[in-house]
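Visitor:
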Amino acid sequence: LALARLAHAPGLVDYLEKAWERWVELGDRRCADFFHEHTVGAPEAARTMNDGVPALVPANATFRDALQQPGSALHAQTCYYLVDRFTPIFHGLRDALLSDLAVVRAAASAVPFPLPAHEPD
């Protein structure tokens, strides 16, 4: 995930990397406001139960400014990093993000560096 940390805040990457496992570990302590089985616009994997665990969906959003910091609790970080119900955390998200990063890495490595000089037509 080092590539993701070049473009995103390290705290966001850490959150995305571990959010699902932390959500599963909460078990009966999950706040009901943070899951909606039928989240509109979410991928099918997010709208359905994942091994009996509902997708983690933000209950509200934080209006952030430069002075605010995410809390340490999963629920606080969810409201800080995710801003609406269309950004659920679900089983397999981390693997999907790693796959996306592999595509970005492959595309970036295909670009010659330094870029060849452009000849005007």
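Numbers 1155 to 1275, taken from the numbering used here, label the letters of the sequence shown in order.
Note that CB positions come from ideal geometry on N, CA and C, so glycine has one too.
1. Would you check if the distance between the CB atom of Phe-1188 and the CB atom of Ala-1227 is smaller than 8 Å?
2. Suppose you measure from the CA of Pro-1224 to the CA of Val-1211; what does that come to, to the nearest Å?
3. When the Cα atoms are used, what is the spatial distance from Tyr-1235 to Thr-1216?
4. Please report the straight-line C-alpha distance between Val-1178 and Val-1257, rounded to a whole angstrom.
5. So what's Val-1178 in DSSP terms, helix, strand or just coil?
6. The alpha helix (DSSP H) that contains Arg-1259, what's its start and end?
7. With a threshold of 6 Å on Cβ separation, who are the neighbours of Cys-1233 within its own chain once the five nearest residues in sequence on each side are excluded?
Guide: Considering the structure as presented:
1. Residue numbering aside, residue 1188 sits at position 34 when the sequence shown is read from its first letter. Residue numbering aside, residue 1227 sits at position 73 when the sequence shown is read from its first letter. Not closer than 8 Å, so no.
2. Taking the sequence shown and counting its residues from 1, one reaches residue 1224 at position 70. Taking the sequence shown and counting its residues from 1, one reaches residue 1211 at position 57. Roughly 16 Å separates the two Cα atoms.
3. Counted from its first residue, the sequence shown places residue 1235 at position 81. Counted from its first residue, the sequence shown places residue 1216 at position 62. Distance between the alpha carbons of Tyr-1235 and Thr-1216: 8 Å.
4. Start at 1 with the first residue of the sequence shown, and residue 1178 comes out as number 24. Start at 1 with the first residue of the sequence shown, and residue 1257 comes out as number 103. About 28 Å.
5. The sequence position of residue 1178 within the sequence shown is 24, counting from 1. It is helical.
6. Translated into the one-based positions of the sequence shown, residue 1259 becomes position 105. Element bounds for Arg-1259: 1247-1263.
7. Taking the sequence shown and counting its residues from 1, the one referred to as residue 1233 is at position 79. Cβ within range, chain order: Pro-1212, Asn-1214, Thr-1216.
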